[in-house]
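Have a look at the structure below before the remarks.
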Amino acid sequence: GQNIDQPTEMTATEGAIVQINCTYQTSGFNGLFWYQQHAGEAPTFLSYNVLDGLEEKGRFSSFLSRSKGYSYLLLKELQMKDSASYLCAVRDADYKLSFGAGTTVTVRA
Amino acid sequence: IAGITQAPTSQILAAGRRMTLRCTQDMRHNAMYWYRQDLGLGLRLIHYSNTAGTTGKGEVPDGYSVSRANTDDFPLTLASAVPSQTSVYFCASSDSADTGELFFGEGSRLTVL
Numbered sequence: 017g018q019n020i021d022q023p024t025e026m027t028a029t030e031g032a033i034v035q036i037n038c039t040y041q042t043s044g045f046n047g048l049f050w051y052q053q054h055a056g057e058a059p060t061f062l063s064y065n066v067l068d069g070l071e072e073k074g075r076f077s078s079f080l081s082r083s084k085g086y087s088y089l090l091l092k093e094l095q096m097k098d099s100a101s102y103l104c105a106v107r108d109a110d111y112k113l114s115f116g117a118g119t120t121v122t123v124r125a
Numbered sequence: 035i036a037g038i039t040q041a042p043t044s045q046i047l048a049a050g051r052r053m054t055l056r057c058t059q060d061m062r063h064n065a066m067y068w069y070r071q072d073l074g075l076g077l078r079l080i081h082y083s084n085t086a087g088t089t090g091k092g093e094v095p096d097g098y099s100v101s102r103a104n105t106d107d108f109p110l111t112l113a114s115a116v117p118s119q120t121s122v123y124f125c126a127s128s129d130s131a132d133t134g135e136l137f138f139g140e141g142s143r144l145t146v147l
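As given, the protein sequences belong to chains Y and G, one line each in that order. Each residue of the first sequence is one higher than the one before, counting from 17 in our numbering. Each residue of the second sequence is one higher than the one before, counting from 35 in our numbering.
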């Protein structure tokens, strides 16, 4: 099974940078995903890491260290619309995806 | 472009009643999933199907059943609803030949009284 931990809440100022950490313990690892979920909406895909290192996609970057069971999502140049919940998810060898409880990010002006 | 469609969007149900949540995708994805989302607990996997004709149990399968008669449809049935099944239910699909990212439906909000 999977054990996925991420902070419950984070607050940051518009234009700033926020880093959301995620640690996991898994019986079989087949990729790590980050999703964004606005209140009352469905989750949407942000990033995917299967090898160690940094994946950059515009203002968002995601890092993975498989040996440490650690990932982070970096949000740069924060905008008000980035206020949402960010979900860390780990895929196992059977292609099942397990989610952390999510980190609610609040961006303040 | 429809993607993945769930119905109903919202439902209030008396305890003990039978309820089926429908999920249909038009992306020809081989894998489909049902999650429930509860405050503070995140998304928890109920059942999944890696391909038509096969299903598997997730983290919280008790009280739920699924079927996968074809590629497009993956209904979730509550045989006898209980108040603890009050939740938001998300159906998702993925193409395991690609990165395998999940595409989610808009969710079904179920209240069991």
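All residues carry an ideal CB built from backbone N, CA and C; glycine is no exception. Bear in mind that the values here come from a model prediction, so they are computed numbers and not experimental data.
What residues from chain Y crowd round residue 76 of chain G, counting only those whose CB sits closer than 8 Å?
-> Translated into positions along the second sequence, residue 76 of chain G becomes position 42. Within chain Y, the residues near residue 76 of chain G are 103, 115, 116, 117, 118.
### Task
Enumerate in chain order the residues of its own chain whose CB-to-CB distance from residue 93 of chain G is below 8 Å, with the five nearest sequence positions on each side excluded.
The sequence position of residue 93 of chain G within the second sequence is 59, counting from 1. Excluding positions up to five away in sequence, the list reads 78, 79, 80.
Closer than 8 Å is the cut-off here; do at least three beta carbon pairs connect the region 43 to 53 of chain Y with the region 107 to 115 of chain G? With the cut-off at 8 Å, the region 43 to 53 of chain Y and the region 107 to 115 of chain G do not touch.
* Asked: Which chain Y residues are close to residue 65 of chain G, counting only those with a beta carbon under 7 Å from its beta carbon?
  -> Reading the second sequence from its first residue, position 31 is the one you call residue 65 of chain G. Here the neighbours are 111.
inquiry  = For residue 24 of chain Y and residue 79 of chain Y, I'd like the C-alpha separation in whole angstroms.
reply    = As a first step, residue 24 of chain Y is located in the first sequence; it is residue number 8 there, counting from the start. As a first step, residue 79 of chain Y is located in the first sequence; it is residue number 63 there, counting from the start. Cα-Cα distance, rounded: 19 Å.
What residues from chain G crowd round residue 107 of chain Y, counting only those whose CB sits closer than 7 Å? Position 91 of the first sequence, counting from 1, holds the residue named residue 107 of chain Y. Residues of chain G whose Cβ lies closer than 7 Å to the Cβ of residue 107 of chain Y are, in chain order, 134.
Q.
Please tell me whether residue 98 of chain G has its Cβ less than 8 Å away from any Cβ of chain Y.
A. Within the second sequence, residue 98 of chain G is the residue found at index 64, counting from 1. For residue 98 of chain G, the answer is no, since every Cβ of chain Y falls outside 8 Å of its Cβ.
Rounded straight-line distance, which links the Cα of residue 47 of chain Y to that of residue 40 of chain G | Locating residue 40 of chain G in the second sequence gives position 6, counting from the first residue. Locating residue 47 of chain Y in the first sequence gives position 31, counting from the first residue. About 27 Å.
Quick test of your reading: residue 122 of chain Y and residue 27 of chain Y, contact by CB under 8 Å. State the CB separation rounded to the nearest angstrom.
The residue labelled residue 122 of chain Y in the question sits at position 106 within the first sequence. The residue labelled residue 27 of chain Y in the question sits at position 11 within the first sequence. Sure, about 5 Å apart at Cβ, within 8 Å.
Exposure of residue 19 of chain Y, with buried meaning 16 or more beta-carbon neighbours within 10 Å = Translated into the one-based positions of the first sequence, residue 19 of chain Y becomes position 3. Residue 19 of chain Y counts as exposed, since fewer than 16 other C-beta atoms from the protein chains shown sit within 10 angstroms of its C-beta.
Checklist entry - Does the region 50 to 69 of chain G come within contact of the region 122 to 133 of chain G, defined as at least 3 CB pairs closer than 8 Å? => result Taking a cut-off of 8 Å for Cβ pairs, the region 50 to 69 of chain G and the region 122 to 133 of chain G touch, as three or more such pairs fall below it.
Open item on the list: Here's the rule: buried if 16 or more other CB atoms are within 10 angstroms of the residue's CB, otherwise exposed. What is residue 66 of chain G?
Closed with: Position 32 of the second sequence, counted from the first residue, corresponds to residue 66 of chain G. Label assigned to residue 66 of chain G: buried.
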